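Some notes on the structure that comes next.
Residue numbers (the working numbering), protein chains in the order written: chain W, 5 to 141; chain F, 47 to 211.
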């Protein structure tokens with residue numbers, strides 16, 4: 005599993021949704037989180053934090069947001085050499101087959117459909133860890 | 047003289063598939079996210095219906111060439127309880143997050159319905175929820191009657207409203 009010091013960037017236009025994810029992460033032992041209300045703000049935070057001693061390690065993002073959609077944030081992140089392998093989870097109500105395919109092609113690490121329970125979120129974080137660390141048991 | 051057409055035949059958004067998908071979306075969302083049950087009451091049709099609630103949210107429905115609006119209305123008392131359960135923390139009665147919470151609930155309900163309906167031939171687009179106090183809801187002019195679906199949550203009456211534009 006990811007280290008407890010893993011730094012999560014939570015992106016959602018609804019504070020309620022960000023708090024649900026943040027509280028669930030805290031219950032799993034992850035205290036380091038920062039929030040953004042849309043993809044545009046998230047990307048700025050990602051770049052700024054990359055210049056510090058506590059860069060972002062994992063992005064959890066909604067899809068449907070004003071200013072910049074989660075899928076566009078994913079594509080922008082994957083286009084940057086520095087962030088191209090960063091775990092990126094979409095937590096969204098958008099789960100039509102064409103959208104799941106688009107997210108897969110864009111390089112999403114895991115995909116969680118709302119409504120979700122904390123257990124589902126935890127399973128997906130563990131699955132993301134195994135994906136980027138295939139030799140981990 | 048022929049019989050008046052059924053309400054479900056007046057417009058694609060008044061079809062039972064739309065009503066059932068939105069209703070099931072509410073129940074599923076509240077059960078999963080807040081562990082509360084919703085019990086539906088008899089729906090009704092009324093022109094220019096005004097919700098007797100505190101907090102509301104609207105989303106624009108668009109499935110070309112059809113346009114409409116879906117609105118959810120909740121008493122603040124019920125919403126505060128739901129919000130507390132969803133966040134697993136105390137929530138002040140008058141706090142802004144209570145309104146935000148209804149935005150997220152409606153987002154999930156709409157997403158649930160959108161997937162179901164698009165698999166049945168609709169082409170509903172993504173929609174951003176606009177939560178607000180009920181008294182601040184924008185007026186809408188519609189030639190069609192509104193469909194109103196009341197349901198009880200935590201002993202309070204909430205409503206789904208479908209408006210055709």
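Each residue gets a CB set at the ideal place from its N, CA and C atoms; glycine is no exception. The structure displayed is predicted, hence computed values, not measured ones.
Using a beta-carbon distance cut-off of less than 8 Å, what residues from the segment 118 to 129 of chain W approach chain F? The segment 118 to 129 of chain W vs chain F, Cβ under 8 Å: 118, 119, 120 and 121.
Residue 84 of chain F - DSSP class collapsed to helix/strand/coil:
strand
Checklist entry - In this structure, does DSSP put residue 171 of chain F in helix, strand or coil? => result coil
- Just reading off the alpha helix (DSSP H) that residue 85 of chain W is part of, what are its end residues? Where residue 85 of chain W is concerned, there is no enclosing alpha helix (DSSP H), given that its DSSP letter is neither H nor E.
- Item | Beta-bridge partners of residue 65 of chain W, as assigned by DSSP | W:15 and W:94
Chain-ordered residues of the segment 59 to 73 of chain W with a beta carbon less than 9 Å from chain F: 66, 67, 68, 69, 70 and 73
Residues of the segment 60 to 79 of chain F with Cβ closer than 7 Å to any Cβ of chain B, in chain order: Here chain B cannot be found, since the structure's protein chains are W and F.
Please confirm whether residue 18 of chain W and residue 29 of chain W have their CB atoms less than 8 Å apart.
no
I need the straight-line Cα distance from residue 128 of chain W to residue 61 of chain W, nearest angstrom please.
15 Å
Beta-carbon within less than 7 Å of residue 85 of chain F's beta-carbon, same chain only, minus the 5 sequence neighbours each way: which residues are those? Around residue 85 of chain F: 197 and 198.
Just by C-beta distance, which residues in the segment 15 to 30 of chain W are closer than 7 Å to chain F?
18, 19, 20, 21, 23, 24 and 27
Practice task
Would you check if the distance between the CB atom of residue 103 of chain F and the CB atom of residue 149 of chain F is smaller than 8 Å?
Solution key: Contact flag set, yes.
- prompt: Nearest to residue 205 of chain F by CA position, among F:160, F:143, F:117 and F:76, is which residue?
  reply: F:117
Nearest neighbour of residue 21 of chain W, chosen from F:99, F:153 and F:110 [CA to CA]:
F:153
Chain W contacts made by the segment 123 to 142 of chain F, where a contact means CB separation under 9 Å: 129, 132, 133, 134, 135 and 142
inquiry  = When you compare the CB positions of residue 121 of chain F and residue 181 of chain F, do they come within less than 8 Å of one another, or not?
reply    = No, these two residues do not count as a Cβ contact at 8 Å.
* To do: Reducing DSSP to helix, strand and coil, say where residue 200 of chain F ends up.
  => Reduced to three states, the DSSP call for residue 200 of chain F is coil.
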